[in-house]
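Under the working numbering, the final residue of the sequence shown carries the number 256; numbering is consecutive throughout. Idealized CB from N, CA, C, for every residue including glycine. Keep in mind the model is a prediction, meaning the values are calculated, not measured.
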Amino acid sequence: MAWWRRGERKPAIESKLEDTLGPDGPVIRLQHVSKIFQGDEEDTVALDDVTVDIHRGEYVSVSGPSGCGKSTFLSLLALLDTATSGRYWLNGQATDRLKPGDRARVRNLDVGLIFQSFNLIGDMTVYENVEYPLTLRGVSAAERQARVDAALQRVGLSARAKQRPGSLSGGHQQLVAVARAITGRPAILLADEPTGNLDSKSGEALMEMFAELNRGGATVCLATHDPRWLAQARRQIHLFDGRMVDSPTP
Ligand code: ADP
């Protein structure tokens, strides 16, 4: 006899099926995702019932006024934080049942991150910081060296490979984070205000790099409030008070 009662839904089996999306499904799917930060005085609703699909190879920008939830949105996508409610599928897999170690593994394999708060490791050199994700992924020493050299050259920091991040300017540290993200050739690139610390020439070079990665098939999700870079995205997500809205707010 079936373990569920006749006429009832089969919740375990149905939710099991929903844990995995088909191969043609979106690379990122958020359904009714909310994030609430609990405070002593009051709670903050940083994301409020966000539902969105992002497909493989898309270039999406996330914009909105300061405090609207852009960083929270990207942190959830990057598996650096978890939703208070709702569900998130990354690369076709539901992420809510991943253990912490698995979250790190998925992030390391599939996602390149350029976050202002995603710090470089202070007691490693620039070179070692860029190399680190490749070491975690078991890339051979010869290939690591080729890829790190190429990434540092790309961002113009080859001469600083032996320095520690703390001895570099904010802009250069940002470029080290860029090199670290691109050296892994990520399928998904998540960037939070990546041009924030950069002069306009470096900013333009970085945006050209994103466009190139996207042309090569990477899915790019970029939070920015710079209108020049918003226009580069093929789809724009606007947030206001944690909610997705149809058009930009003044
Ligand atoms: P944005 O990136 O658009 O400036 P954030 O995602 O950083 O917005 O923040 C959205 C809201 O959530 C803001 O009101 C912010 O103060 C709040 N918030 C973000 N992170 C935290 C946190 N760790 N604890 C409490 N509140 C937070």
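- Within the region 81–151, the complete beta strand (DSSP E) runs of at least 3 residues fall at 91–96 and 117–120.
- Positions of the beta strand (DSSP E) runs, each at least 3 residues long and wholly inside the region 149–192, cannot be given because no such run exists.
- In this structure, DSSP gives residue 242 an extended state, which the three-state scheme calls strand.
- Shown here, residue 204 sits in coil according to DSSP, grouped into three states, outside any helix or strand.
- Taking 8 Å as the cut-off, one finds at least one heavy atom of ligand 1 near enough to the beta carbon of residue 43.
- Of the residues assessed, residue 127 falls on the exposed side of the cut-off, its CB having fewer than 16 other CB atoms within 10 angstroms.
- Between ligand 1 and the CB of residue 76, the shortest heavy atom gap is smaller than 8 Å.
- Counting of Cβ neighbours within 10 angstroms places residue 43 among the exposed residues, the total staying below 16.
- Annotation: the continuous beta strand (DSSP E) that includes residue 38 extends over 34–43.
- The beta carbon of residue 41 is closer than 6 Å to those of 52, 53, 78, 89 and 90 in its chain, skipping five residues each way along the sequence.
- According to the DSSP assignment, residue 228 belongs to the beta strand (DSSP E) that extends over 225–229.
- Short of 8 Å from the beta carbon of residue 189, and not among the five residues preceding or following it, lie these beta carbons of its own chain, in chain order: 136, 137, 139, 140, 153, 154, 156 and 157.
- Within the same chain, 24, 25, 26, 93 and 94 come within 8 Å of residue 100 by CB-CB distance, once the 5 residues on both sides are set aside.
- When DSSP states are grouped into helix, strand and coil, residue 249 belongs to the strand group.
- Here the distance from the Cβ of residue 212 to the nearest heavy atom of ligand 1 is not below 8 Å.
- Boundaries of the beta strand (DSSP E) around residue 54: 50–60.
- A distance criterion of 8 Å places the beta-carbon of residue 175 beyond contact range of ligand 1, judged by its closest non-hydrogen atom.
- In the DSSP assignment, residue 67 falls within the unbroken beta strand (DSSP E) covering 65–69.
- Of the heavy atoms belonging to ligand 1, none sits nearer than 8 Å to the Cβ of residue 189.
- Judged by DSSP secondary structure, residue 46 falls outside any beta strand (DSSP E); it is assigned neither H nor E.
- Relative to ligand 1, residue 50 has its C-beta within less than 8 Å of a heavy atom.
- As computed with DSSP, residue 195 is found in a beta bridge with 118 and 226.
- Placement of the Cβ of residue 198 at a distance of less than 8 Å from at least one heavy atom of ligand 1 is found.
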